[in-house]
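Chains as they are written, first to last, in the numbering used here: chain A, 825 to 1541; chain B, 2 to 157. All C-beta atoms in this analysis are idealised placements derived from N, C-alpha and C, irrespective of residue type, glycine included. Have a look at the structure below before the remarks.
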Amino acid sequence: MRRLHAVAAAAVALLLIVVASTGALLSLQPALNRVAYPAVTPGVSVAQLADAVAARHVRVDAIRIGRDGAATATFNDGAGRETEVIDPRSGAGLGAYTPSAFFRFVADLHRSLLMGEGGRVAVALTALGLLALCLSGFALLARSLGGAAKMFRPIRGDRTRRLHGEIGRFALTGLLVSSLTGALLAAITFDLIPSSDRAAPDVSASGGKPAPIRALSGLAAVDVVDLKALKFAGASGVFQMRSDAGEATVDAANGAVLSFVETAPEGRMEQWALALHGAHGLWAFALMLGLCSAGAPVLGATGFLLWRRRRGHGVGVQENAPAEDADTIVFVGSENNATWGFARALARALAGENFRVHVAAMNEVGPCHVRAKRWLVLTSTYGDGAAPASAQKFLERLARLEGRIPVAVLGFGDRNFPQFCGYAQRVAEMFDERGWASLLPMKRIDRRSPQEFAQWARGLGDALGCALVVEHIAERPGTQELELIGRDLYGEAVGAPVAILRFAAPDLPDFEAGDLLAVQPPDGDMPRFYSLASSTRDGMAEICVRLQHGGLCSTFLHGLAPGDRIAAFVRHNPAFRPAQGVAPLILIGAGAGIAPLAGFVRANRDGRPVHLYWGGRSPASDFLYEHELAQSLAERRLTCFRPAFSRCEGAPAYVQDRVAADAHSLRALIAEEAQILVCGGRDMAQAVRETLDRIVRPLGLDLATLRSHGRYLEDVF
Amino acid sequence: MKRALPALAATAVFVVPTLAQARNVTLETTLKPYGGNGAYVALYLTDAAGKYKGTLWMAGEKSKYYRHLSDWARASGARPAEIDGITGASVGSGKTLKISVDLADALIDAGYKIHVDTSVEDGMDNPSEVVAPLDTASSGKILAGDGYVKSFKVTF
């Protein structure tokens, strides 16, 4: 499906940019015409209008109500044939009819790329390509969001992915209408749909003296809103009148309808397609379609970036042993190739320990793989527990395999998704059901954490009887030198030293509060990630670091003095960020987890209601950000602050106790669409989750629902 | 452009036994710069009694639009055989259509007339907007139509 999406996009990209942008321009036309020409309203008969126009001219040839909404009359008063705009109620002349040459040019570009018949074919194929893009794009988006019923959930991912998804979701309906009707019109133009546009039968006029037009019953019976064109009788003695319903001939002497040819069903289909595609007379709808079309080039650009990124990861594995004589098979389930990087690192490390390793996509699983001694299955999850692209056929194929060999499953995912590593879980269960031995219990890796991966690999090494050291960082951007410019130490007295560290650099990278600062420890070990409490706008990068007993990086950071430098880079963390808008925020954290929350408060310049719950040990020792938060309360960047201390005199409490005590007011906030962001340790997060779940139950909600709507976010370490 | 006219040659009136009995006639139709899509133009002959005798040229290739060349359609019955082999592209705004045909001597100065029907999509239909006599006396005379034809000229 993804391949179809990419191939269709590549095939029509350039043409689509031309066709979509001209389409967007043309969408302005109905609105402009609505202003330029008086509206055709019911209540006037064709006979009345024709009579009024005829009274002003020597000879009138035709009256027309064009698709552009203009009522026009073609006449000849002796100075050659002219066409004027008329008032469709009174028949008064409103000056020469001069349709915009600019829009005609744009329309030609839109229809045929100014290349005649060949251009029309190209445009028709573009419409078909767009149709394929719309349908495959819908399928992809639905899959990533966990089903068509969940199409309106927030789209996760970095800026490019969100932009692509959100514009695509918005523009889908409009582009679908445009491409479908466009393809249909092309089919009609190329006679692929038989046209039964029949000519009126030959009729002979009564030949009597022409009666006054207003007295002609055949013309009086039709309202101008239904009229498309009226050809005056002239010497033939017969009026020809075309309306949506069909084509009639009317005798100029007695007003009788001499013939009537009804519009054929295909003709009606063409009328509908034209009305929808050009949105003539429906200016607001036209502007909507135009906006959707304008989204197409943006979709093309962001789609290209996403495609290039997917390709850039590369899947080539060096020194891949043949499947037949490998002892270890590494299977990879990956949607955008990030998992391949981990698999490669693992394969390299195993090969270094003299294992014969074969790496393959999960979809390739077959009888040749069951001869190996062990399988290692590394898989991500797509959307709400679905299989990623390279694993879609895995379970089905596995069910047909005979042998049973020891297997270890490793899931890659994002804790913020309701189904964290849901697909890996399904795979592990399937192995279990079918009686495969488990080499290691299934493990989940949160957001490509290199530490968690290294830890799992160590465990694997233990199981295999070797020391397996695997280092892999999904994306290791170049680090940058940052200089420590400020340092505040808290919590020493209560045995939990936390340092607030502020770093500066001449050219800070782009980041916001809640993003992660990856700090490279001096011995070249893997970087550690810390939540940022500041944004680039603040002119410094601020983090909170809890000193871990025996922690390499935290010890290093705590030992820094102002002026010392570190090597670091920023990793964006769009999954943990307040949603845009004015809905209240409920921020809950403990210890150093206050960092991003304090950053959100700091960035709240619009007076959005923000309720902060935070747990520390003692107000005298580790009250992080005490003064800044007091100031924020005074400046109304913070609405309410409920700290809890676990080791204070009087009534010790944890943050979840404060949350539970405020159940009533929190419930009211959540009913007002409040968003909840939680940051801190695993145990605290668990306790808060249980407390909140009890709070939201009476609202008919649960955390899984809130989470799936992006209203409950966690950043847990 | 010079074309053989198989459809015409097949009809009795136009039979030209040898070239000596035929005359080469050039028809030049220049359109006004009306600024729209290409115009459909039909050139055809009627006899002294006004009866349709045959088509000389059809500019415009989609038969479903031919009914807008209403005089031609009515007179010829819009049968495909009438224009088989003598059809070309529609004529753009401000452009000239120049064709030459070999016509039997018997048709010239015998009351025959050349009709020009024009039609443009989303524009006007102009049946017989030019009707030019096929006589040597009017050779090279410029006629104007009241629709899209700026000038029409027949030269022998």
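Checklist entry - Going along chain B in order, which residues have a C-beta closer than 9 Å to the C-beta of R944 (chain A)? => result Within chain B, no residue comes near R944 (chain A); the closest Cβ sits about 11 Å away, beyond 9 Å.
Checklist entry - Roughly how many angstroms separate the alpha carbons of S1117 (chain A) and L999 (chain A), rounded to a whole number? => result In a straight line, the C-alpha of S1117 (chain A) is about 6 Å away from that of L999 (chain A).
Next on the checklist: Restricting to Cα atoms, I'd like to know which of A:A920, A:G1042, A:S1355, A:F994 is closest to G1505 (chain A).
Outcome noted: A:S1355
Item to check | Beta carbon of W73 (chain B) nearer than 8 Å to that of A105 (chain B) | outcome: Not closer than 8 Å, so no.
Next on the checklist: Against R905 (chain A), what residues of chain B qualify as contacts under a CB-to-CB distance less than 7 Å, listed in chain order?
Outcome noted: Within 7 Å Cβ-Cβ: D147, G148.
Checklist entry - Taking just the CA atoms, how far does M59 (chain B) sit from K154 (chain B)? => result 17 Å
Checklist entry - Buried or exposed: E1496 (chain A), going by 16 or more other Cβ atoms within 10 Å of its Cβ? => result exposed
Checklist entry - Using a C-beta cutoff of 8 Å, does G1042 (chain A) count as contacting chain B? => result no
Checklist entry - How should F1353 (chain A) be labelled, buried or exposed, when 16 other C-beta atoms within 10 angstroms of its C-beta is the threshold for buried? => result With a 10 Å radius around the Cβ and a threshold of 16 neighbouring Cβ atoms, F1353 (chain A) comes out buried.
Next on the checklist: Counting only C-beta atoms, is R80 (chain B) closer than 8 Å to chain A at any point?
Outcome noted: no
Next on the checklist: Let's see if you can read the secondary structure: which residues bound the alpha helix (DSSP H) around I1494 (chain A)?
Outcome noted: 1487-1495
Checklist entry - Is DSSP giving H1182 (chain A) helix, strand or coil here? => result strand
Checklist entry - Under the rule that 16 or more other beta-carbon atoms within 10 Å means buried, what is N1178 (chain A), buried or exposed? => result exposed
Item to check | CA-to-CA distance, I1297 (chain A) to L1170 (chain A), given in whole angstroms | outcome: 12 Å
Checklist entry - Can you tell which of A:E1295, A:G1440, A:R1272 has the C-alpha that lies nearest to the C-alpha of A1317 (chain A)? => result A:G1440
Next on the checklist: For a quick check, are the C-beta atoms of V1001 (chain A) and L1100 (chain A) less than 8 Å apart?
Outcome noted: yes
Checklist entry - What residue from A:A1468, A:A837, A:L1436, A:F1469 has the CA that sits closest to L1453 (chain A)'s CA? => result The shortest Cα separation from L1453 (chain A) among A:A1468, A:A837, A:L1436, A:F1469 belongs to A:L1436.
Checklist entry - Using a Cβ-Cβ cut-off of 7 Å (strictly less than) and excluding sequence neighbours within five positions of A871 (chain A), which residues of its own chain qualify? => result I1037, R1038, L1040, L1043, A1044
Item to check | Same chain, Cβ closer than 6 Å to S120 (chain B), five either side skipped, listed in chain order | outcome: The answer, listed in chain order, is Y41, H69, L70, D126.
Checklist entry - What distance in whole Å lies between the Cβ atoms of I1418 (chain A) and L1384 (chain A), which are believed to be in contact at a cut-off of 8 Å? => result Between I1418 (chain A) and L1384 (chain A) the Cβ distance is about 20 Å, and since that is not below 8 Å, they are no contact.
Next on the checklist: Taking 8 Å as the threshold (beta carbon to beta carbon), is T1087 (chain A) in contact with chain B?
Outcome noted: no
Next on the checklist: According to DSSP, simplified to helix, strand and coil, what is F153 (chain B)?
Outcome noted: strand
Checklist entry - Applying a beta-carbon distance threshold of less than 7 Å, which residues of chain A neighbour D118 (chain B)? => result The contacting residues do not exist; D118 (chain B) stays about 13 Å from chain A at best.
Checklist entry - Does the Cβ-Cβ distance between R1542 (chain A) and E1226 (chain A) come in under 8 Å? => result Beyond the ends of chain A as shown, which are 825 and 1541, falls residue 1542 (chain A); an answer cannot be given.
Next on the checklist: Report the start-end ranges of each alpha helix (DSSP H) in the stretch 29-79 of chain B that is 4 residues or longer and not cut off at the edges.
Outcome noted: 71-77
Item to check | beta strand (DSSP E) runs wholly inside the stretch 86-145 of chain B, at least 3 long, in chain order | outcome: Positions of the beta strand (DSSP E) runs, each at least 3 residues long and wholly inside the stretch 86-145 of chain B, are given as 97-105, 114-120, 126-134 in order along the chain.
Next on the checklist: Quick check: the Cα distance between G1058 (chain A) and E83 (chain B), rounded to an integer number of angstroms?
Outcome noted: 27 Å
Item to check | D1075 (chain A) in three-state terms, based on DSSP | outcome: strand
Checklist entry - G890 (chain A) touches chain B at which residues, Cβ-Cβ below 8 Å? => result D123
Checklist entry - Using the C-alpha atoms, what's the distance from Q1499 (chain A) back to G37 (chain B)? => result 57 Å
Checklist entry - L1523 (chain A) bridges to which residues according to DSSP? => result Answer by DSSP bridge pairing: none, since L1523 (chain A) is not bridged.
Checklist entry - Unbroken alpha helix (DSSP H) runs of length 4 or more, entirely within the stretch 1138-1226 of chain A: which are they? => result 1162-1176, 1218-1222
Checklist entry - Between which two residues does the beta strand (DSSP E) containing C1368 (chain A) stretch? => result 1365-1370
Checklist entry - Can you find a C-beta in chain B that's less than 8 Å from the C-beta of N900 (chain A)? => result Residue-level contact by beta carbon holds for N900 (chain A) and chain B, with a gap shorter than 8 Å.
Checklist entry - Do V1483 (chain A) and R1239 (chain A) have their CB atoms nearer than 8 Å? => result In this structure, R1239 (chain A) does not lie closer than 8 Å to V1483 (chain A) by Cβ.
Next on the checklist: On the CB-based measure, 16 or more other CB atoms within 10 Å of its CB, does K1055 (chain A) come out buried or exposed?
Outcome noted: buried
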